[in-house]
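Protein chains in written order, with this note's numbering: chain B, 97 to 287; chain R, 185 to 779.
C-beta atoms are modelled at their ideal positions from N, C-alpha and C, and glycine is treated no differently.
Below: the structure, in structure tokens.
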């Protein structure tokens, strides 16, 4: 199934990966693709490592993405980028939010945050680093960071020729539509 | 219309389209969203949370016998709880079509074991369907209702986490209302006394023969011919993984109806292919049955019976192929394990309880399962729903028998107490136990995502209802020593523990009553507990960097190693003040915040 494309969105519970992957998946369906998306819910994922897997193409079978098979990984947090690097195709793209969110154990002084993450990933893969949190903040709503990253993802996968404004309108609350549309186009400009 | 649905949403849609009128369940990952989504069809389906899975299935059995189509859904271990009615309802058959959904959890993302519930279909002799994606999940509920009414049997729909929580495209259909069958008294069918049950068993064996013929004919079990060198037999998510790996390099016998198995179809398929692989997650349920018929196949020789399968595992096991991966050093990577949330009412209680000596803390199923990890290091055991209370009794009996200086404490949540903890407490009271039962009442079913229960005052579909007060229940059962405390007040916690430990000849109960930090407060909660309107702050010049507050494990506390001081994350803190009470130098204070 070589025509199937594989996208991983990784981050920390509460960062909006699930909303971003929902908008993405609905857009891909509107595009006419077969789409499968996998998430793991369950034990309190607040502050836990979260991953959404989105696969699209003519006919998609497995909902999960193997190690070494992601065309693109969008990491909402730096350490999560390092955690999932092994899932990227050697020719794949890594988009990383320039943002650190220490785990509870790091905050408690038990573990330490890994060092030089961006340099280490750049050595191994085609990497773009985006200040999505700063961009979202400058737009006036820090929570739109996920849609800034979605914009970068859409441009990276050459999916920008779809009416994403309409998809956003259908998937976010009315009061947040405009700011999310701005966030999406700001993210696209980063690529 | 095509829509992206999770397997759970699709099952709910199937229940709607298939004319189900009554649904009952107890929440449990990965099954919870099935009933939550069924409940949205308010006009057509009455959907209810039951206190436990046995009760859910029994209510569904009653609905079926009265003539309505009904569905029960539960996680794999929930079926163990419901096994008693299951095995006899399997004998009696149905009036309205009846479906039992078992949501299994290979890999145990949020479970205590990974039992393969396909064996329940064989064990109880009922038909079973296994969907591979959301479209099939929806269609198979409708088909299961038809099979149930045609063959007069409860039908098991078996799904796994990857089916429940993965989204794929589904064609939506319309609801087809079933005809309400009149209720008639049928002692020879529904009164399973021994003389009747013997006849019913004979009927069940006949039904199995008819169902095997159906299994060989139904398009739910179909063959896809490609290259005949390799033949793959698979069901559920394993089929999708196999397709991903082998593509057109293999032929497939895809099994959607897996009990009874279509042995004729299997024999025909096996004859045509050179090598036969059976690819299944967890146990060799299909493989062993095929092998017992003398058909040669390869399965668990190459696949583990532990954990989830993936295309990667199948590729490496059968094709000895591997994708090229980026090789990198991840030795300094640290995990993000789940923790009790900031402001969790369980934290203060376990913080104090965990410090006590000569105590065995029996844990239960719920968020408080996280109390065994660093830094709380509190509980000793986890087995199943309700077990903490009865296990504490058994343990205390042995400690007493051997004159050991140990006290057994049970810690159990409100929803779990209603589930099966009540029966266990009866055991404690009846058998003159001296255990300490701690009911951690956070006013909601927490871990599965805030489902109402008999103590919250609301039904699943939003109707106000009687609030069953746990204090009243335990007193009515006969416990003489009962205390209700606020678990955020550590002195109150300690005083209650001292009080309970001093009662050494009778059972005692401590109820910690405070809402889950993430709960949307009901009007009653607001009246009793007030709105969250404060946060804690650390005065850096007073903080001495002793890290005492960090022993509570609150995720809002941040240690700054460079300046050896703690600060509090304003995004997370809800002002529970547990950390404040642990500070030896009063460096933490409260400030009001607008919420």
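With respect to the beta strand (DSSP E) encompassing residue i, which residues constitute its N-terminal and C-terminal limits?
| i | result |
| --- | --- |
| residue 743 of chain R | 741 to 744 |
| residue 775 of chain R | 772 to 776 |
| residue 288 of chain R | 282 to 288 |
| residue 441 of chain R | 441 to 443 |
| residue 283 of chain B | No beta strand (DSSP E) contains residue 283 of chain B, which is instead part of the alpha helix (DSSP H) from 273 to 285. |
| residue 186 of chain B | 184 to 193 |
| residue 135 of chain B | 130 to 135 |
How many angstroms separate the CA atom of residue i from the CA atom of residue j?
| i | j | result |
| --- | --- | --- |
| residue 175 of chain B | residue 584 of chain R | 51 angstroms |
| residue 637 of chain R | residue 236 of chain R | 10 angstroms |
| residue 190 of chain B | residue 171 of chain B | 8 angstroms |
| residue 247 of chain R | residue 229 of chain R | 12 angstroms |
| residue 704 of chain R | residue 639 of chain R | 15 angstroms |
| residue 635 of chain R | residue 620 of chain R | 27 angstroms |
| residue 586 of chain R | residue 593 of chain R | 18 angstroms |
| residue 575 of chain R | residue 706 of chain R | 34 angstroms |
| residue 201 of chain R | residue 131 of chain B | 23 angstroms |
| residue 214 of chain B | residue 239 of chain B | 23 angstroms |
| residue 489 of chain R | residue 292 of chain R | 13 angstroms |
| residue 678 of chain R | residue 517 of chain R | 38 angstroms |
| residue 655 of chain R | residue 641 of chain R | 15 angstroms |
| residue 196 of chain R | residue 347 of chain R | 13 angstroms |
| residue 97 of chain B | residue 653 of chain R | Note that residue 97 of chain B scores 41 on pLDDT, short of 50, meaning its location in the model is unreliable and no value can be drawn from it. |
| residue 138 of chain B | residue 681 of chain R | Note on residue 138 of chain B: pLDDT 46, under 50, position unreliable in the model; the coordinate value appears next. Those two C-alpha atoms are separated by around 32 angstroms. |
| residue 761 of chain R | residue 557 of chain R | 21 angstroms |
| residue 645 of chain R | residue 203 of chain B | 41 angstroms |
| residue 279 of chain B | residue 229 of chain B | 11 angstroms |
| residue 236 of chain B | residue 277 of chain B | 13 angstroms |
| residue 530 of chain R | residue 143 of chain B | 18 angstroms |
| residue 99 of chain B | residue 274 of chain R | 46 angstroms |
| residue 304 of chain R | residue 463 of chain R | 20 angstroms |
| residue 375 of chain R | residue 386 of chain R | 15 angstroms |
| residue 408 of chain R | residue 417 of chain R | 11 angstroms |
| residue 683 of chain R | residue 618 of chain R | 13 angstroms |
| residue 527 of chain R | residue 720 of chain R | 11 angstroms |
| residue 478 of chain R | residue 402 of chain R | 24 angstroms |
| residue 140 of chain B | residue 389 of chain R | A caution first: residue 140 of chain B carries a pLDDT of 45, below 50, which makes its placement in the model too unreliable to give a value. |
| residue 622 of chain R | residue 532 of chain R | 13 angstroms |
| residue 192 of chain R | residue 222 of chain B | 37 angstroms |
| residue 712 of chain R | residue 691 of chain R | 28 angstroms |
| residue 259 of chain B | residue 443 of chain R | 47 angstroms |
In terms of residue numbering, what span does the alpha helix (DSSP H) encompassing residue i cover?
| i | result |
| --- | --- |
| residue 346 of chain R | 345 to 348 |
| residue 409 of chain R | Residue 409 of chain R -> no alpha helix (DSSP H), and no H or E assigned at all. |
| residue 622 of chain R | No alpha helix (DSSP H) holds residue 622 of chain R; the beta strand (DSSP E) holding it covers 620 to 625. |
| residue 665 of chain R | From DSSP, residue 665 of chain R is part of no alpha helix (DSSP H) but of the beta strand (DSSP E) over 665 to 669. |
| residue 561 of chain R | Element bounds for residue 561 of chain R: n/a, residue is neither H nor E. |
| residue 244 of chain B | 241 to 252 |
Beta carbon of residue i: closer than 8 angstroms to some heavy atom of the ligand FMN?
| i | result |
| --- | --- |
| residue 504 of chain R | Of ligands this structure carries none, so the ligand FMN is not represented either. |
Since residue i meets chain A, which of its residues come closer than 9 angstroms, beta carbon to beta carbon?
| i | result |
| --- | --- |
| residue 265 of chain B | Among the chains of the structure shown, chain A does not appear; the protein chains present are B and R. |
- Task: Quick one: which residues of the segment 625 to 658 of chain R get their C-beta closer than 9 angstroms to a C-beta of chain B? List them in chain order.
- Result: 630, 631, 632 and 633
- Message: Any contact between the segment 259 to 277 of chain B and the segment 215 to 222 of chain R? By contact I mean 3 or more CB pairs, one from each, below 8 angstroms.
- Response: no
- Query: Can at least three beta-carbon pairs, one atom from the segment 111 to 119 of chain B and one from the segment 152 to 162 of chain B, be found at a separation below 8 angstroms?
  - Reply: no
- Item | Positions along the segment 214 to 229 of chain B whose CB lies within less than 9 angstroms of some CB in chain R | When C-beta distances to chain R are compared with 9 angstroms, the residues of the segment 214 to 229 of chain B below that value are 216, 217, 219, 220 and 221, in chain order.
- Determine which residues of the segment 725 to 743 of chain R have a Cβ less than 8 angstroms from any Cβ of chain B, and write them out in chain order. Per Cβ criterion, the list reads 731, 734, 737, 739, 741, 742 and 743.
- Message: Tell me whether the segment 206 to 214 of chain R and the segment 248 to 260 of chain R touch, counting them as touching only if at least three CB pairs, one residue from each stretch, are closer than 8 angstroms.
- Response: yes
- Message: Output needed in chain order: residues of the segment 555 to 566 of chain R with a Cβ under 8 angstroms from some Cβ in chain B.
- Response: Of all residues in the segment 555 to 566 of chain R, only 558 and 559 place a beta-carbon less than 8 angstroms from a beta-carbon of chain B.
- Message: Which complete beta strand (DSSP E) runs does the segment 677 to 765 of chain R hold, if anything under 3 residues is left out?
- Response: 692 to 697, 718 to 722, 741 to 744 and 749 to 752
- Cβ contact (3+ pairs, closer than 8 angstroms) linking the segment 183 to 199 of chain B and the segment 444 to 457 of chain R: Cβ pair count under 8 angstroms is below three, so no.
- Message: Quick check for students: name the residue ranges of the alpha helix (DSSP H) that lie wholly in the segment 234 to 264 of chain R, counting only runs of 4 or more.
- Response: 237 to 249
- Message: Taking 8 angstroms as the cut-off, does the segment 281 to 296 of chain R touch the segment 328 to 335 of chain R (at least 3 CB pairs, one atom from each stretch)?
- Response: Counting C-beta pairs closer than 8 angstroms gives three or more between the segment 328 to 335 of chain R and the segment 281 to 296 of chain R, which meets the contact rule.
- Identify every run of the beta strand (DSSP E) within the segment 570 to 629 of chain R, keeping only runs that are complete inside it and at least 3 residues long; order them along the chain. 591 to 597 and 620 to 625
- Taking three-plus beta-carbon pairs below 8 angstroms as touching, is the segment 444 to 455 of chain R in contact with the segment 503 to 522 of chain R? The answer is no - the segment 503 to 522 of chain R does not touch the segment 444 to 455 of chain R, with fewer than three Cβ pairs under 8 angstroms.
- Using a Cβ cut-off of 8 angstroms, which residues of the segment 278 to 306 of chain R contact any Cβ in chain B, in chain order? 293 and 294
- Message: Just to confirm the assignment: which complete alpha helix (DSSP H) runs, minimum length 4, are found wholly within the segment 502 to 547 of chain R?
- Response: 529 to 537
- Are at least three pairs of beta-carbons, each pair with one atom in the segment 563 to 573 of chain R and one in the segment 593 to 610 of chain R, less than 8 angstroms apart? Segments in contact, yes.
- Message: As an exercise, report each continuous alpha helix (DSSP H) stretch of at least 4 residues that is fully enclosed by the segment 415 to 476 of chain R, in chain order.
- Response: 420 to 430, 447 to 456 and 469 to 476
- Please list the segments of the beta strand (DSSP E) lying wholly inside the segment 290 to 348 of chain R, counting only runs of 3 or more residues, in order along the chain. If we require 3 residues or more, the beta strand (DSSP E) runs fully inside the segment 290 to 348 of chain R come out as 339 to 344.
- Could you list the residues in the segment 492 to 513 of chain R with a C-beta less than 7 angstroms from some C-beta on chain B, going in chain order? Cβ contacts with chain B: 494, 495, 496, 507, 508, 509, 510 and 512.
- Message: For the pair the segment 177 to 184 of chain B and the segment 489 to 508 of chain R, tell me if three or more CB-CB distances fall below 8 angstroms.
- Response: no
- Query: Counting Cβ pairs, one atom from each stretch, are 3 or more of them under 8 angstroms apart for the segment 307 to 318 of chain R and the segment 239 to 256 of chain B?
  - Reply: Output reads no: the segment 239 to 256 of chain B does not touch the segment 307 to 318 of chain R.
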